Amino acid sequence: MSAPVVITGVGVTAPNGLGTRDYWSATLEGRSGIDVVSRFDPEQYPSRLAGEVPGFEPTEHLPRKLIPQTDHMTRLALVAADWAIADAGVVPEELSEFDMGVVTASSSGGFEFGHRELQNLCAKGNEYVSAYQSFAWFYAVNTGQISIRNGMRGPSGVVVSDQAGGLDAVAQARRQIRKGVELVVSGGVDGSICPWGWVAQMAGGRLSPVNDAERAYLPFDSEAAGHVPGEGGAILLVEDREAARRRGADDVYAEVAGYGATLDPPPGSGREPGLRRAVELALRDASVGPDEVDAVFADAAAVPELDRVEAEVITELFGEYGVPVTAPKTMTGRLYSGAAALDLVAAVLAIRDGVVPPTVNVSGAPEYALDLVVGSPRAADLGTAMVLARGQGGFNSAMIVRRPD
Amino acid sequence: MSGQEITIDDLKRVLTEAAGVEDGVEIGSDSLDTEFEELGYDSLALLEVAGRIQREYGVELDDDTATSARTPRLLLSAVNGG
């Protein structure tokens, strides 16, 4: 039996708070980061709201050398990684470089960088395209840049499964640790709030057409009409419990206790979606029953059909109004590969502080029969929490985190 | 080539715009013979620098020449046709 795999450090860049402390206090206060897009002029587009990370000046946090070669979301990821590593008390120089890996999630890579370079290509010619475009757009770029910056040369990779990716990356980190790697920098930070990214998301068909920040993203509500996109996410330091102890880190956030992932059947097959099996697999993996789960952090698609599927899975496994359910992402928008990583951080902080953060702006439609935590946070003794995440394309993932012994 | 010679100060500006500067590194005539690697520039950075020199100064500079120059002096010499 291998030692537990634990989360020992977290770093957050979220639309409602830069840094873990700001994010968590905003989240508990129900403060949203959703507003009119400022990274480009959204006037000509039907959807004009986004969750943008506030107050981020890259040169305050990163060497100037990294600026010309990085997309905005990679800079956010590098800073979140710095914070997670520091939070865990890890000093990379003191560890063997091959015992440290990096596995992050990605959905689209550095779109804003790519947008600018495509514009250069079309308007000026190929000699005006940055050589750094070769990797700055790339799915694996955050993993690569975190690896280079911190001298981490152990098993590394990237998982691309849209919104499910934040959990899938941490699960892959856990696999690598079980194979003998001591620590893995994991999670996901994302963002493509640029015209190119915007039209790609519009084509996905799930952006809310509502441009009132308090009415745009309403999961499990009778007025649900799609989501608001956001940028940011979280980086988590995932470690072997014994290895963490050896370097003197006794204080850990939570154990990564269970995980399950499934793919939906093809459209039109008539078979049920894969979310239920993902939850069942995660429960079995963690050896816990539904009655032992103290809170569920929902995927919260805010697409009525998808909300119905998720609510049914929750009520069938946990009972009607059987477990507190929340979606703090109503304050950030959906962050694609950054979303579930951020929810994992919310879950471990909820366990630490004994409080379920709220879902905002939503009243909760009675037909879903969910015990949705709305409006204000709810005090609760949390031993175990579950995070659900679904990615466009049929990805379903569930992860269970548990208070450390 | 036609026109003016490109100096180390020009190169410093292009390097900075193209690839930033490593903290603590000061590029000037003292660094003419310091290897790019030591100054913090890899082959991709030099590729980007070569692109900028070509379009700003109208110099033909193929990628292999640019990325095989190990020091600022060698790169300037290739650019200035020396």
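Read top to bottom, the protein sequences are chains A and B.
Each residue of the first sequence is one higher than the one before, counting from 29 in this note's numbering.
Each residue of the second sequence is one higher than the one before, counting from 7 in this note's numbering.
A virtual CB, placed ideally from N, CA and C, is assigned to each residue, including glycine.
Quick caveat: nothing in here was measured; it's all calculated off a predicted structure.
Worksheet item: Among residues of its own chain, excluding the 5 on either side of A/GLY422, which ones have a beta-carbon nearer than 6 Å to its beta-carbon?
Response: By 1-based counting over the first sequence, the position of residue 422 of chain A is 394. Correct list, in chain order: LEU291, ASP292.
Item to complete: Please specify which runs of the alpha helix (DSSP H), each continuous and at least 4 residues long, are wholly inside the stretch 125-202 of chain A, giving them in chain order.
Response: 139-151, 161-164, 169-178
Worksheet item: What is the DSSP secondary structure of B/SER83, reduced to helix, strand or coil?
Response: Counted from its first residue, the second sequence places residue 83 of chain B at position 77. In this structure, B/SER83 counts as helix in the three-state DSSP scheme.
Worksheet entry | Status (buried if at least 16 other CB within 10 Å, exposed otherwise) for A/ASP409 | Counted from its first residue, the first sequence places residue 409 of chain A at position 381. With fewer than 16 other Cβ atoms within 10 Å, it is exposed.
Practice prompt. Give a yes or no on whether the minimum CB-CB distance between B/MET7 and chain A is below 7 Å.
Written response: Sequence index remark: in the second sequence, residue 7 of chain B carries index 1 (1-based). Residue placement at B/MET7 is flagged as unreliable, the pLDDT there being 46, under the threshold of 50; the coordinate-derived value follows with that caveat. No, its Cβ sits nowhere closer than 7 Å to a Cβ of chain A.
Discussion item. Which residues does DSSP list as the beta-bridge partners of A/GLU283?
Written reply: What you label residue 283 of chain A is simply residue 255 of the first sequence in a count that begins at 1. Note: A/GLU283 sits in a beta bridge opposite A/VAL34, A/ARG430.
Worksheet item: What are the boundary residues of the beta strand (DSSP E) that A/ASP313 is part of?
Response: Working through the first sequence from its first residue, we reach residue 313 of chain A at position 285. No beta strand (DSSP E) contains A/ASP313, which is instead part of the alpha helix (DSSP H) from 303-314.
Item to complete: Quick one: list the residues of chain B neighbouring A/GLU155, beta-carbon separation under 7 Å, in chain order.
Response: Locating residue 155 of chain A in the first sequence gives position 127, where the first residue counts as 1. Neighbours of A/GLU155 on chain B, chain order: GLY57, GLN60, ARG61.
Fill in: Opening and closing residue of the beta strand (DSSP E) in which A/ILE62 lies
Position 34 of the first sequence holds residue 62 of chain A. Looking at the DSSP string, the run of the beta strand (DSSP E) that includes A/ILE62 is 62-64.
Practice prompt. Output, in sequence order along the chain, the residues in the stretch 9-37 of chain B whose CB is closer than 9 Å to any CB in chain A.
Written response: THR22, GLU23, ALA24, ALA25, GLY26, VAL27, GLU28, ASP29, VAL31
Worksheet item: A/ILE95 CB to nearest chain B CB: under 7 Å?
Response: Position 67 of the first sequence, counted from the start, is the residue given in the question as residue 95 of chain A. At least one chain B Cβ lies under 7 Å of A/ILE95.
Worksheet item: Under 7 Å, do A/ALA231 and A/VAL187 count as touching if we go by C-beta distance?
Response: Taking the first residue of the first sequence as 1, we reach residue 231 of chain A at position 203. Taking the first residue of the first sequence as 1, we reach residue 187 of chain A at position 159. No, Cβ-Cβ distance for A/ALA231 and A/VAL187 is not below 7 Å.
Practice prompt. Give a single yes or no on whether A/GLY233 has its beta carbon closer than 6 Å to a heavy atom of the ligand ADP.
Written response: With respect to small molecules bound, the structure shown includes none, and the ligand ADP cannot be examined in it.
Practice prompt. Give me the Cα-Cα distance between A/VAL388 and A/VAL401, rounded to the nearest whole angstrom.
Written response: Looking up residue 388 of chain A in the first sequence gives position 360. Looking up residue 401 of chain A in the first sequence gives position 373. The alpha-carbon atoms of A/VAL388 and A/VAL401 are separated by roughly 9 Å.
Discussion item. Which residue wins for smallest C-alpha separation from A/HIS255, given the options A/PRO332, A/GLU308, A/ALA272?
Written reply: As a working note, residue 255 of chain A is residue 227 in the first sequence. Minimum Cα distance to A/HIS255 is reached at A/PRO332.
Worksheet item: Three-state secondary structure (DSSP) at A/THR53?
Response: By 1-based counting over the first sequence, the position of residue 53 of chain A is 25. In the sequence as presented, Thr is not what sits at residue 53 of chain A; that position holds Ser. Helix at A/SER53.
Fill in: Any 3 or more C-beta pairs closer than 8 Å across the stretch 288-308 of chain A and the stretch 48-65 of chain A
no
Practice prompt. Kindly indicate if chain B contains any beta-carbon less than 7 Å away from that of A/ARG92.
Written response: On the first sequence, residue 92 of chain A is found 64 positions in, with the first residue counted as 1. Closer than 7 Å to some Cβ of chain B, the Cβ of A/ARG92 qualifies, so yes.
Discussion item. For A/SER214, report the span of its beta strand (DSSP E) as first-last.
Written reply: The sequence position of residue 214 of chain A within the first sequence is 186, counting from 1. Taken as a continuous stretch (DSSP letters only), the beta strand (DSSP E) holding A/SER214 covers 211-218.
Item to complete: Using 10 angstroms around the beta-carbon of B/GLU23, count the other beta-carbons present and answer buried if the total reaches 16, otherwise exposed.
Response: Sequence index remark: in the second sequence, residue 23 of chain B carries index 17 (1-based). B/GLU23 comes out exposed.
Worksheet item: Cβ of A/PRO32 less than 7 Å from any chain B Cβ?
Response: For the purposes of this step, residue 32 of chain A is taken as residue 4 along the first sequence, with counting starting at 1. No - not a single Cβ of chain B is within 7 Å of the one on A/PRO32.
Discussion item. Give me, in chain order, the residues of the same chain whose beta-carbon lies closer than 6 Å to that of A/GLY261; leave out the 5 immediate sequence neighbours on both sides.
Written reply: As a position in the first sequence, residue 261 of chain A is number 233, starting the count at 1. Around A/GLY261: GLY216, VAL217, ASP218, LEU363, GLY366, ALA369, LEU370.
Discussion item. What does the Cβ neighbour count give for A/PRO257, buried or exposed, with the cut at 16 atoms within 10 Å?
Written reply: As a position in the first sequence, residue 257 of chain A is number 229, starting the count at 1. When all chains shown are included, A/PRO257 counts as buried.
Worksheet item: What number of angstroms, rounded off, separates the C-alpha of A/VAL81 from the C-alpha of A/ALA42?
Response: Numbered from 1 along the first sequence, position 53 holds the residue referred to as residue 81 of chain A. Numbered from 1 along the first sequence, position 14 holds the residue referred to as residue 42 of chain A. Those two C-alpha atoms are separated by around 5 Å.
Discussion item. I'd like to confirm the pairing. Which residues does DSSP put opposite A/ALA78 in its beta bridges?
Written reply: Locating residue 78 of chain A in the first sequence gives position 50, where the first residue counts as 1. A/ALA78 is bridged to A/ASP63.
Item to complete: Scan the stretch 233-298 of chain A and note each continuous beta strand (DSSP E) run of 3 residues or more that stays entirely inside, going in chain order.
Response: 260-268, 282-291
Fill in: Within chain A, the residues that B/GLY46 reaches when beta carbons sit closer than 7 Å
In the second sequence, the residue the question calls residue 46 of chain B occupies position 40. The contacting residues are LYS93.
Worksheet item: According to DSSP, what are the bridge partners of A/LEU416?
Response: The residue given as residue 416 of chain A occupies position 388 in the first sequence. A/ALA426, per the DSSP bridge assignment.
Worksheet item: With 16 as the cutoff for other CB atoms within 10 Å, does A/ILE205 come out buried or exposed?
Response: Taking the first residue of the first sequence as position 1, residue 205 of chain A is located at position 177. Counting Cβ neighbours within 10 Å, A/ILE205 comes out buried, since at least 16 surround it.
Discussion item. Using a Cβ-Cβ distance cut-off of 7 Å, determine whether B/ARG79 contacts chain A.
Written reply: Working through the second sequence from its first residue, we reach residue 79 of chain B at position 73. No, its Cβ sits nowhere closer than 7 Å to a Cβ of chain A.
Item to complete: Give the straight-line distance between the Cα atoms of A/VAL383 and A/GLY403, rounded to the nearest whole angstrom.
Response: The count along the first sequence starts at 1 and reaches residue 383 of chain A at position 355. The count along the first sequence starts at 1 and reaches residue 403 of chain A at position 375. Cα-Cα distance, rounded: 13 Å.
Fill in: Buried or exposed by the 16-neighbour rule on C-beta atoms within 10 Å, applied to A/THR87
Within the first sequence, the letter at position 59 stands for residue 87 of chain A. A/THR87 is exposed by the Cβ-count criterion.
Worksheet item: Which two residues bound the contiguous beta strand (DSSP E) that contains A/VAL324?
Response: Your numbering for residue 324 of chain A matches position 296 in the first sequence. Here the beta strand (DSSP E) through A/VAL324 covers 323-325.
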